[in-house]
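Written out below as structure tokens is the structure these notes cover.
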Amino acid sequence: MHVEWAVAAAGAATGFLVGLTGSGGGALVTPLLVVVFGVHPQTAVATDLVAALAIRPAAAAVHLRRGNVDLRLAGRLSAGSVPAVLVGTAVAAALGPGRGAARGIDLALGGVLVAGAAAMSLRGRRGPGRRRRSAGGRSAPASPRAAVAVGAGCGLLVGATSVGSGSLMVVALLLVVPGIDTRSLIGSDLAQAVPLTAAAALGAIAFGHPDASLAASLALGAVPLACAGALLATRVPARLLAPVLTTVTLAAGLRILGLGDAAVVAAAGAALLAVTAVTLATTGTRLPPAEVT
Numbered sequence: 001m002h003v004e005w006a007v008a009a010a011g012a013a014t015g016f017l018v019g020l021t022g023s024g025g026g027a028l029v030t031p032l033l034v035v036v037f038g039v040h041p042q043t044a045v046a047t048d049l050v051a052a053l054a055i056r057p058a059a060a061a062v063h064l065r066r067g068n069v070d071l072r073l074a075g076r077l078s079a080g081s082v083p084a085v086l087v088g089t090a091v092a093a094a095l096g097p098g099r100g101a102a103r104g105i106d107l108a109l110g111g112v113l114v115a116g117a118a119a120m121s122l123r124g125r126r127g128p129g130r131r132r133r134s135a136g137g138r139s140a141p142a143s144p145r146a147a148v149a150v151g152a153g154c155g156l157l158v159g160a161t162s163v164g165s166g167s168l169m170v171v172a173l174l175l176v177v178p179g180i181d182t183r184s185l186i187g188s189d190l191a192q193a194v195p196l197t198a199a200a201a202l203g204a205i206a207f208g209h210p211d212a213s214l215a216a217s218l219a220l221g222a223v224p225l226a227c228a229g230a231l232l233a234t235r236v237p238a239r240l241l242a243p244v245l246t247t248v249t250l251a252a253g254l255r256i257l258g259l260g261d262a263a264v265v266a267a268a269g270a271a272l273l274a275v276t277a278v279t280l281a282t283t284g285t286r287l288p289p290a291e292v293t
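Under the numbering used here, the first residue of the sequence shown is numbered 1, with each subsequent residue one higher.
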């Protein structure tokens, strides 16, 4: 088994985004494998899922050690998503490679992610004081049934369409827990993605054809950078981290909608600048008090 160093480099870039934002992996890796490296789409999806078996747990472990994971919420989401992703994978395999309905689903999912990015940008304008909190400063708890139902819906779509689970679940978490802070959003998303990715990878191995060398190359580049991105996410101020998460979600949505790479990069760059400017203007920038000598 030899290492594809170009694939490892691509894995490093996307792995950093996964650790930093919890999303952006599947929506970026699969198109890269197909467009840049000429991998068959079905093989690319299966390979990405197998590589994620190493990438997401590594990043999730960093966030867990830093206290950024709501284990109860992640468990409820997984209770719905794990069986649903297996059902979705089986349905996709039974329906075959037809693109008519699949394209319609892609358009709907891309629209959901773009709308989710817009909602995330509006969160920054409300300021931290207006977010829904429970005792102790933590996010207000989600309804158990709502969390399981949202997890099941996301799992079914991930299995049926192979859309990136991170980007979709970030938007779903905002619906389940509107007041969740940015670091808990990222950490909980990564934690719930571990069993979801494992189930999806099993389905991909059963119904798809992953390339072991490509998966190993992706993981080799992505795992250390995913850990680095997760560490950075625990240190960067939330008001600066939120615009990055919003931009990655927007880029994933635009990519699923079928926009070209240049258009996605231009739109994401403009969104990053705009959301960062609005967030900083709204929340303000606090400087540490001067030391008295």
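A virtual CB, placed ideally from N, CA and C, is assigned to each residue, including glycine. Given the structure is predicted, the values throughout are model-derived calculations rather than measurements.
- Around the Cβ of ILE180, a 10 Å sphere holds 16 or more other Cβ atoms; the residue is buried.
- Between the alpha carbons of LEU20 and ALA219 lies a gap of roughly 16 Å.
- The residues THR43, THR47, in chain order, have a CB closer than 6 Å to that of ASP211 in the same chain once the five nearest residues on each side in sequence are set aside.
- In this structure, the alpha-carbon of ARG183 lies about 35 Å from that of ALA206.
- The three-state secondary structure of ILE205, taken from DSSP, is helix.
- Burial state of ARG56 is buried, judged by a 10 Å Cβ sphere holding 16 or more other Cβ atoms.
- In this structure, the CA atom of ALA93 is about 18 Å from the CA atom of GLY153.
- A straight line joining the alpha-carbon of MET120 with that of VAL85 spans about 26 Å.
- Going by beta carbons, GLY159 and GLY203 fall inside the 8 Å limit.
- As the crow flies, the alpha-carbon of ARG66 is around 18 Å from that of ARG239.
- Taking the Cα of VAL194 as reference, the smallest distance to any Cα among ALA12, SER23, VAL34, ALA108 is reached at SER23.
- For GLY80, the closest alpha carbon among the candidates ALA271, ALA149, ILE186 is that of ALA149.
- Scanning PRO224, ARG235, ARG145, ASP70 for the CA closest to the CA of ALA8 turns up PRO224.
- Boundaries for GLY260: no alpha helix (DSSP H) harbours it, and the DSSP string shows neither H nor E there.
- The Cβ-Cβ distance between SER143 and ALA252 does not fall below 8 Å.
- In this structure, LEU77 is the residue among LEU77, SER188, LEU241, LEU113 with its C-alpha nearest to the C-alpha of ALA147.
- In the three-state DSSP reduction, SER167 falls in the helix class (H, G or I).
- Within the same chain, and ignoring the five residues on either side of PRO31 in sequence, the residues whose Cβ sits closer than 7 Å to its Cβ are ARG255.
- Here ARG235 carries a coil assignment [DSSP, helix/strand/coil].
- Bounds of the alpha helix (DSSP H) holding GLY11 are 5–21.
- Taking C-alpha positions only, GLY15 is separated from ARG72 by approximately 25 Å.
- Of the residues assessed, ALA270 falls on the exposed side of the cut-off, its CB having fewer than 16 other CB atoms within 10 angstroms.
- In the three-state DSSP reduction, VAL158 falls in the helix class (H, G or I).
- The alpha-carbon separation between MET169 and HIS2 amounts to approximately 34 Å.
- By the neighbour-count criterion, in which 16 or more other beta carbons inside 10 Å mark a residue as buried, LEU273 falls on the exposed side.
- Following the DSSP letters along the chain, one finds ASP48 inside the alpha helix (DSSP H) bounded by residues 41–65.
- Only residues of its own chain outside the window of five on either side were considered, and among them GLY19, LEU20 have a CB closer than 8 Å to the CB of LEU232, listed in chain order.
- Going by beta carbons, VAL69 and SER213 fall outside the 8 Å limit.
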